[in-house]
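*Asks:*
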Amino acid sequence: MAKTKILITDGLGKEGIELLKTHPDFETDLRASTSPEELLAMANGYDVLVTRSMTRVTAEVIAKAPRLKLIVQAGAGTDNLDVAAARKANISVLNCPTANSLSAAEQTLGLMFALARNIPQSYAGVRAGKWERGPAFMGTELHGKILGIIGLGNIGKIMAEKAMALGMMVIGYDTAISSMSAFPPKFKYLEMRFKLARSQAEVLAEADWVVIHIPKEPRNVGLFGGPTIAGMRKGAYLINTSRGGIVDEAALLAALESGHLAGAAADVLEHEPPKFEDPTTAKLLAHPRFIATAHLGGATVEAKERVASQTAQQILAFFNEGAKTGVLN
Numbered sequence: 002m003a004k005t006k007i008l009i010t011d012g013l014g015k016e017g018i019e020l021l022k023t024h025p026d027f028e029t030d031l032r033a034s035t036s037p038e039e040l041l042a043m044a045n046g047y048d049v050l051v052t053r054s055m056t057r058v059t060a061e062v063i064a065k066a067p068r069l070k071l072i073v074q075a076g077a078g079t080d081n082l083d084v085a086a087a088r089k090a091n092i093s094v095l096n097c098p099t100a101n102s103l104s105a106a107e108q109t110l111g112l113m114f115a116l117a118r119n120i121p122q123s124y125a126g127v128r129a130g131k132w133e134r135g136p137a138f139m140g141t142e143l144h145g146k147i148l149g150i151i152g153l154g155n156i157g158k159i160m161a162e163k164a165m166a167l168g169m170m171v172i173g174y175d176t177a178i179s180s181m182s183a184f185p186p187k188f189k190y191l192e193m194r195f196k197l198a199r200s201q202a203e204v205l206a207e208a209d210w211v212v213i214h215i216p217k218e219p220r221n222v223g224l225f226g227g228p229t230i231a232g233m234r235k236g237a238y239l240i241n242t243s244r245g246g247i248v249d250e251a252a253l254l255a256a257l258e259s260g261h262l263a264g265a266a267a268d269v270l271e272h273e274p275p276k277f278e279d280p281t282t283a284k285l286l287a288h289p290r291f292i293a294t295a296h297l298g299g300a301t302v303e304a305k306e307r308v309a310s311q312t313a314q315q316i317l318a319f320f321n322e323g324a325k326t327g328v329l330n
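See the structure below:
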């Protein structure tokens with residue numbers, strides 16, 4: 002019997018590799034990274050692709066992969082995959098929707114604290130031999146403020162819990178949620194601190210802080226453009242840790258320069274790596290009220306272990322039982 006060949010394009014934790022080794026018919030090709038040219042040249046030799054956000058699986062790749070039966074995204078977001086093309090080719094696409102959620106929520110909280118207390122700016126000054134404590138470094142507390150959450154999936158719900166634990170009030174909106182029945186029972190006992198909004202505009206009008214936790218679907222590209230940002234409270238803060246392209250970076254820069262927003266942060270940008278030579282990108286990254294990190298939301302030891310284990314378990318279940326946990330198509 003021919004081996005089931007698995008190509009892992011961007012690395013996978015040892016927990017997942019060891020689990021895959023328990024299947025006698027699996028042959029695993031583990032790579033730290035795979036260029037688009039390499040993927041096109043290699044795609045025809047594998048039954049399974051395991052990818053992360055940096056690897057794009059296009060219709061062209063899928064057309065060159067007649068053996069391919071399964072694509073597993075080792076993470077939640079799948080905007081790097083042509084899911085429609087996979088569907089047409091009868092290739093199943095799975096993801097790991099919860100493995101990174103806690104780490105992504107904590108990254109968002111970290112950016113909130115960094116913005117609120119000017120932590121990166123102060124650290125940069127100290128490293129440069131300065132001890133600055135003037136008005137420019139006056140911060141703001143999170144306690145008692147209103148956090149607006151756009152997208153109440155796994156990450157959004159975790160964010161709500163953690164924000165309420167900090168003493169924040171939370172207002173959230175999700176196009177797929179219309180009642181509190183979608184939330185864990187404990188949310189019912191926190192109704193004085195949590196409000197389910199009827200619209201995104203309602204969230205933006207009330208929130209001191211807005212965090213974005215939605216997938217990058219066509220309808221969400223450029224969602225936070227000039228008009229949407231203008232609907233936020235003056236002096237509010239905006240944080241995007243979902244996917245680049247959801248926030249219009251030119252509109253964000255304009256809102257920071259005008260003072261409409263007090264600050265903004267992002268773990269994701271429209272282009273990754275950024276086009277540093279682009280004038281808008283350069284101005285945004287240099288703005289004193291903007292903080293960026295290099296798509297590190299899922300970059301924790303614990304998340305890496307969960308992703309590796311869930312990925313391997315899904316592959317095993319797919320071939321052993323025909324199970325499709327996390328199926329997208």
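Each residue of the sequence shown is one higher than the one before, starting from 2 at the first, in the working numbering.
Ideal Cβ placement from N, Cα and C applies to all residues, glycine included.
(1) Which residue from GLY157, PHE225, ALA283, LYS89 puts its Cα closest to that of GLU61?
(2) Within the continuous alpha helix (DSSP H) that includes GLY227, where are the two ends?
(3) Out of curiosity, what's the CA-to-CA distance linking SER93 and SER123?
(4) Classify GLY17 as helix, strand or coil using the three-state DSSP reduction.
(5) Hey, quick one: how far does the alpha helix (DSSP H) through LEU331 stretch, first residue to last?
(6) Using the three-state DSSP reduction, which class does LYS6 fall into: helix, strand or coil?
(7) On the DSSP bridge assignment, give the partners of TRP132 in chain order.
(8) Curious, which full-length alpha helix (DSSP H) runs of at least 4 residues does the segment 86 to 166 contain?
(9) Do you know how far the Cα of GLU203 is from the Cα of GLU133?
(10) Which stretch, first to last residue, makes up the beta strand (DSSP E) that contains THR52?
(11) List the whole-angstrom C-beta distance separating LEU31 from ILE240, where the pair is believed to meet the contact cut-off of C-beta under 8 Å.
(12) Identify which residue in GLU207, LYS158, ASN221, GLU303 has its Cα closest to the Cα of MET191.
(13) From which residue to which residue does the alpha helix (DSSP H) around PHE320 run?
(14) Are GLU16 and GLU306 close, meaning C-beta to C-beta below 9 Å?
(15) Quick check: MET233 and LEU254, are their CB atoms within less than 9 Å of each other?
(16) Taking the alpha-carbon of HIS296 as reference, which of ASP268, PHE320, LEU13, LEU143 has the nearest alpha-carbon?
(17) With a 10 Å radius around its C-beta and 16 neighbouring C-beta atoms as the bar for buried, classify ASN96 as buried or exposed.
(18) Leaving out the 5 sequence neighbours to the left and right, which residues in its chain are closer than 7 Å to GLY140 when beta-carbon positions are compared?
(19) Which one or two residues does DSSP pair with THR29 in a beta bridge?
(20) Considering just the uninterrupted stretch of the beta strand (DSSP E) at ILE332, what are its terminal residues?
(21) MET181 by DSSP, collapsed to three states: which one?
(22) Confirm the yes/no value for this check: CB of LYS235, any heavy atom of the ligand FMN, distance under 8 Å.
(23) Nearest-angstrom Cα distance between ILE213 and PRO186?
(24) Could you give the residue range of the beta strand (DSSP E) that holds ILE213?
(25) Tell me whether LEU297 sits in a helix, a strand or coil according to DSSP, three-state version.
(26) What does DSSP give as the partner residue(s) for LYS196 in the beta ladder?
(27) Out of SER104, ALA3, ASP83, ALA33, which has the shortest C-alpha to C-alpha gap to ILE9?
(28) Relative to the alpha-carbon of MET43, which residue among LEU69, HIS24, ILE150 has its alpha-carbon at the smallest distance?
(29) Which whole-angstrom value is the C-beta distance of ASN101 and ALA77, which I expect to be below 8 Å?
(30) Measuring straight from C-alpha to C-alpha, what distance separates VAL248 and PHE319?
(31) Using only the alpha-carbon positions, how far apart do LYS217 and GLY246 sit?
(32) Can you tell me which of GLU207, GLY236, VAL222 puts its alpha carbon nearest to the alpha carbon of THR250?
(33) Mind checking who GLY264 pairs with in its DSSP beta bridge?
*Replies:* Once the coordinates are examined:
(1) For the residues GLY157, PHE225, ALA283, LYS89, the minimum Cα distance to GLU61 belongs to LYS89.
(2) 227 to 231
(3) 48 Å
(4) If DSSP states are grouped into helix, strand and coil, GLY17 belongs with the helices.
(5) Only positions 2 to 330 of the chain appear in the structure, and residue 331 is not among them; the question remains open.
(6) Reduced to three states, the DSSP call for LYS6 is strand.
(7) Bridge partners of TRP132: none, in fact.
(8) 102 to 117, 120 to 128, 155 to 166
(9) Cα-Cα distance, rounded: 38 Å.
(10) 49 to 52
(11) A Cβ-Cβ distance of about 34 Å is found for the pair LEU31 and ILE240, leaving them out of contact under the 8 Å criterion.
(12) Looking at the sequence provided, one finds Leu at residue 191 rather than Met. Checking every option, the nearest Cα to that of LEU191 belongs to LYS158.
(13) 302 to 322
(14) A contact, by the Cβ cut-off of 9 Å.
(15) In this structure, LEU254 does not lie closer than 9 Å to MET233 by Cβ.
(16) ASP268
(17) buried
(18) ALA117, ARG118, ASN119
(19) Partner(s): ILE7.
(20) Because the chain in this structure spans residues 2 to 330, residue 332 falls outside the shown range and cannot be described.
(21) helix
(22) As far as ligands go, the structure on display features none, and thus does not contain the ligand FMN.
(23) 24 Å
(24) 210 to 213
(25) coil
(26) ILE172
(27) ALA33
(28) LEU69
(29) Cβ-Cβ separation between ASN101 and ALA77: approximately 6 Å, consistent with a contact (criterion under 8 Å).
(30) 36 Å
(31) 8 Å
(32) Residue identity check: residue 250 is Glu in the sequence provided, not Thr. Per the Cα distances, VAL222.
(33) TYR238
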